[in-house]
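Novice: In numbering that gives the first Met the number 0, the protein residues as written are 0 to 60. Think of the CB as a built atom: it goes at the ideal place given N, C-alpha and C, for glycine as much as any other residue.
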Amino acid sequence: MARMNFMLKVEDAKMTQIKKALEKENIKVVSIYEVYKEKPASVVPGDPAGAGRTGPAENAG
């Protein structure tokens with residue numbers, strides 16, 4: 000069977016929890032890598048959904 004790659008973005012979960020949840024559904028996990036960890040987004044008044052926040056590439060400097 001071919002291996003497939005997925006990228007997840009989760010809140011309040013650890014890699015072991017993700018692996019256990021997938022394996023519980025009979026999904027074989029070959030590996031899990033932490034690629035990037037974001038700091039919690041601050042919500043600006045008048046922007047409750049955080050739509051005005053910028054991504055990591057835009058914050059690089």
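When you compare each of E37, K36, S30, V34 to R2 by their alpha carbons, which one comes out closest?
Specialist: Start at 1 with the first residue of the sequence shown, and residue 2 comes out as number 3. Comparing Cα positions, the closest option is S30.
Novice: For I17, which of helix, strand or coil comes out of DSSP?
Specialist: As a working note, residue 17 is residue 18 in the sequence shown. Reduced to three states, the DSSP call for I17 is helix.
Novice: Mapping the DSSP letters down to three states, classify E22 as helix, strand or coil.
Specialist: As a first step, residue 22 is located in the sequence shown; it is residue number 23 there, counting from the start. Three-state DSSP puts E22 in a helix.
Novice: Rounded to the nearest angstrom, how far is the Cβ of M14 from that of E37, given a contact under 8 Å?
Specialist: By 1-based counting over the sequence shown, the position of residue 14 is 15. By 1-based counting over the sequence shown, the position of residue 37 is 38. Going by Cβ atoms, the distance from M14 to E37 rounds to 16 Å, so no, they are not a contact pair.
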